[in-house]
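Numbering (our numbering), first residue to last: 1235 to 1644. To start, the structure under review is shown below, and the notes come after it.
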Amino acid sequence: MTTTIAVISEKYCPEGGGAEIVTHSIVRWLLKRGYRVSIITGTPLNHEIKVELDERASSSRDSGYEYKHFKELRCTRKLYHWIFSPLLLSNNESFTRIIHESDIIYMPGILYSLLPFVRRKARAGAKIVIHLHNFQPITYSQFYIEVNSREQLLLADMKLLNNEFGRISLLISCLIPFITSTLSRILTNYADRIICPTESFKELIEKFVPSLRGKTAVAYNPLPLDEVKDIAPFQKERIIAYLGGDRFIKGYPLAKLVATKISNEIEDSRIYMVGFSRKPKYPISNNKIIFLERIKREEVFKLLERARVLLFPSIIAEPSPISILEAALLGAIPIAFATPTIQELLSGTDATSFLCPPYNMNCIHYKTKNILMMDPEEFAHISLRIRNQLLKKFGDNANLLVKLERAIVL
């Protein structure tokens, strides 16, 4: 009998970011392996995505998919999303049917307030799996800055709330993060399995939510190996790529400073600042710094093929920063802070020598400049060596996806 899997994800490709890309890769793999998959999402079905899903579903006699778009899953403010989306979905017969008919409910999103309803409506013996792509179980903001106490996490969440809702009372900005983070820790216990993308991420989750110990499993996210298999020769221009837009948590202020310094110091350098919703008000005295809006993934790959450096000065801990690995596989050396997850992903490769102590701008500037000033042969040797080391470390995508499949199904 064919196993049926319901995938509940607020967004689905081509919307979203790295989490949605990983989810789509997993869905395609499950279809190829003969599972029946119901995709429950707030994203309307995209034609190109439909073609990909149809192709994968046709590769196995037993597999098939159902794509259900629920507008109840679309909400811009997380607090409203947590409160109202479950209430609306619990009265939706189509949603209830899918949950009841599924053997496994796989949730790569953050709508944990839906978990009690899912558990109640799921058939006996059905398995609930949460795949973590952020720090939602411990913070309202989903982001984690290296701290030693829950109080410091709450302060970060208070700042996010004020940005989301405008100026609100101190009492409310204290209560909401406390209540939601407490609820998150309680609600995640409804799951039978928690998938973490790295070992260091798993340790951090278990530190703040000890009740999840015994339920967690580590499975690395799949890599874009098909897209980066045939890459251009490693004769790179003196280009820096920064992909974080104007987001403070992605290190935009630091990236601006480094870009300005490098543009003044290296004559033929160019810095591409990517990911803006609108052109920033940033005065520059030369044309070496180029600002771009959000671009398609294929265009990001083309930029990384030309770049020597991926500037990644994120001030938060990233659960599994896929762009770091994408850049390294395309021959762009990532310059980033040495957070535990980044160190784990790059361990055993020469890329670790280009990591910097957290928040050390001078180190970021020095190592970026050093790479740009290398002669082409030296750079090509180092970047190709890093790429080969990563390929050896992670193997092919089939191995990574098999481990993810086992974490979901077994």
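Yeah, the Cβ is synthetic: ideal placement off N, Cα and C, and Gly gets one too. Remember, predicted model here, so these are calculated numbers, not experimental data.
Can you check which of these residues, the options, is closest to residue i by C-alpha distance?
{"i": "T1212", "options": "E1249, R1267, I1569", "result": "Nothing about residue 1212 can be read from this structure; the chain reaches only from 1235 to 1644."}
{"i": "R1267", "options": "A1253, I1274, C1247, I1239", "result": "I1239"}
{"i": "L1638", "options": "K1495, R1542, T1330, V1261", "result": "V1261"}
{"i": "S1293", "options": "I1616, N1498, H1315, L1265", "result": "L1265"}
{"i": "L1526", "options": "I1549, S1415, Y1476", "result": "Y1476"}
{"i": "S1418", "options": "E1539, L1345, I1274", "result": "L1345"}
{"i": "D1630", "options": "L1348, P1456, W1263", "result": "P1456"}
{"i": "E1244", "options": "R1308, H1281, E1282, R1295", "result": "R1308"}
{"i": "P1610", "options": "R1481, A1632, A1541", "result": "A1541"}
{"i": "N1633", "options": "S1324, W1263, I1255", "result": "W1263"}
{"i": "I1255", "options": "K1441, S1324, E1532", "result": "E1532"}
{"i": "K1603", "options": "V1492, T1416, H1281, L1580", "result": "V1492"}
Considering only their Cβ atoms, is the gap separating residue j from residue i smaller than 8 Å?
{"i": "E1306", "j": "L1322", "result": "yes"}
{"i": "M1507", "j": "I1483", "result": "no"}
{"i": "P1431", "j": "S1554", "result": "yes"}
{"i": "L1545", "j": "I1605", "result": "no"}
{"i": "L1563", "j": "R1621", "result": "yes"}
{"i": "I1333", "j": "A1356", "result": "yes"}
{"i": "I1549", "j": "G1485", "result": "yes"}
{"i": "A1699", "j": "P1547", "result": "One cannot answer for residue 1699 here, as it falls past the ends of the chain, which runs 1235 to 1644."}
{"i": "P1342", "j": "T1257", "result": "yes"}
{"i": "K1601", "j": "F1588", "result": "yes"}
{"i": "K1361", "j": "I1379", "result": "no"}
{"i": "I1420", "j": "L1488", "result": "no"}
{"i": "S1336", "j": "K1302", "result": "no"}
Output the distance between the C-alpha atoms of residue i and residue j, rounded to the nearest integer angstrom.
{"i": "A1443", "j": "I1567", "result": "The residue asked about is misnamed: residue 1443 is Val in this sequence, not Ala. Cα-Cα distance, rounded: 35 Å."}
{"i": "I1439", "j": "I1500", "result": "43 Å"}
{"i": "V1534", "j": "N1326", "result": "39 Å"}
{"i": "V1271", "j": "L1313", "result": "29 Å"}
{"i": "G1478", "j": "P1350", "result": "35 Å"}
{"i": "D1502", "j": "G1582", "result": "33 Å"}
{"i": "Y1593", "j": "E1471", "result": "27 Å"}
{"i": "I1274", "j": "I1242", "result": "5 Å"}
{"i": "S1434", "j": "A1551", "result": "10 Å"}
{"i": "K1224", "j": "Q1577", "result": "Look at the range of the chain in this structure, 1235 to 1644, and you will see that residue 1224 is not part of it."}
{"i": "Q1623", "j": "L1409", "result": "47 Å"}
{"i": "S1497", "j": "M1595", "result": "16 Å"}
{"i": "A1425", "j": "H1315", "result": "20 Å"}
{"i": "K1536", "j": "L1459", "result": "14 Å"}
{"i": "P1320", "j": "R1353", "result": "13 Å"}
{"i": "F1369", "j": "L1279", "result": "28 Å"}
{"i": "L1644", "j": "T1494", "result": "51 Å"}
{"i": "Y1269", "j": "R1295", "result": "10 Å"}
{"i": "F1318", "j": "E1437", "result": "32 Å"}
{"i": "H1615", "j": "K1627", "result": "18 Å"}
{"i": "V1543", "j": "L1625", "result": "19 Å"}
{"i": "C1247", "j": "F1304", "result": "15 Å"}
Note the first and the last residue of the continuous beta strand (DSSP E) segment covering residue i.
{"i": "M1507", "result": "1504 to 1510"}
{"i": "V1241", "result": "1238 to 1243"}
{"i": "M1607", "result": "Taken as a continuous stretch (DSSP letters only), M1607 belongs to no beta strand (DSSP E), as it is neither H nor E."}
{"i": "Y1301", "result": "1298 to 1303"}
{"i": "S1272", "result": "1270 to 1275"}
{"i": "L1545", "result": "1543 to 1546"}
{"i": "E1527", "result": "1523 to 1527"}
{"i": "H1365", "result": "1361 to 1365"}
{"i": "Y1340", "result": "1338 to 1341"}
{"i": "Y1346", "result": "First-last for Y1346: undefined, no H or E at that position."}
{"i": "Y1476", "result": "1473 to 1476"}
{"i": "A1451", "result": "1450 to 1452"}
{"i": "R1198", "result": "With the chain covering only 1235 through 1644, there is no way to say anything about residue 1198."}
Starting from the C-beta of residue i, find all residues in its chain whose C-beta is less than 6 Å away, skip the five residues before and the five after it, and write them out in chain order.
{"i": "I1429", "result": "H1365, A1451, A1453, A1641"}
{"i": "G1252", "result": "I1556"}
{"i": "V1363", "result": "Y1340, R1427, I1642"}
{"i": "L1287", "result": "Y1299"}
{"i": "K1284", "result": "none"}
{"i": "R1504", "result": "I1473, K1522"}
{"i": "Q1376", "result": "N1368, F1369, Q1370"}
{"i": "T1236", "result": "R1270, D1296"}
Can you list, in chain order, the residues of its chain whose CB lies under 8 Å from that of residue i, leaving out five sequence neighbours each side?
{"i": "S1383", "result": "Its pLDDT being 48, under 50, S1383 is placed unreliably by the model, and nothing is read from it."}
{"i": "R1528", "result": "G1479, V1508, G1509, F1510, S1511"}
{"i": "T1330", "result": "S1324, K1355"}
Got a sec, what are the start and stop residues for the alpha helix (DSSP H) residue i sits in?
{"i": "F1571", "result": "From DSSP, F1571 is part of no alpha helix (DSSP H); its letter is neither H nor E."}
{"i": "K1436", "result": "1433 to 1442"}
{"i": "H1315", "result": "1312 to 1323"}
{"i": "E1560", "result": "1556 to 1563"}
{"i": "R1262", "result": "1252 to 1266"}
{"i": "R1427", "result": "From DSSP, R1427 is part of no alpha helix (DSSP H) but of the beta strand (DSSP E) over 1427 to 1430."}
{"i": "D1288", "result": "1281 to 1291"}
Beta-carbon within less than 7 Å of residue i's beta-carbon, same chain only, minus the 5 sequence neighbours each way: which residues are those?
{"i": "A1585", "result": "A1562, I1567, P1568, I1620"}
{"i": "E1666", "result": "Residue 1666 cannot be examined here, being either before or after the span of the chain that is shown, 1235 to 1644."}
{"i": "T1422", "result": "Y1346, I1364, P1371, I1428, V1443, L1446"}
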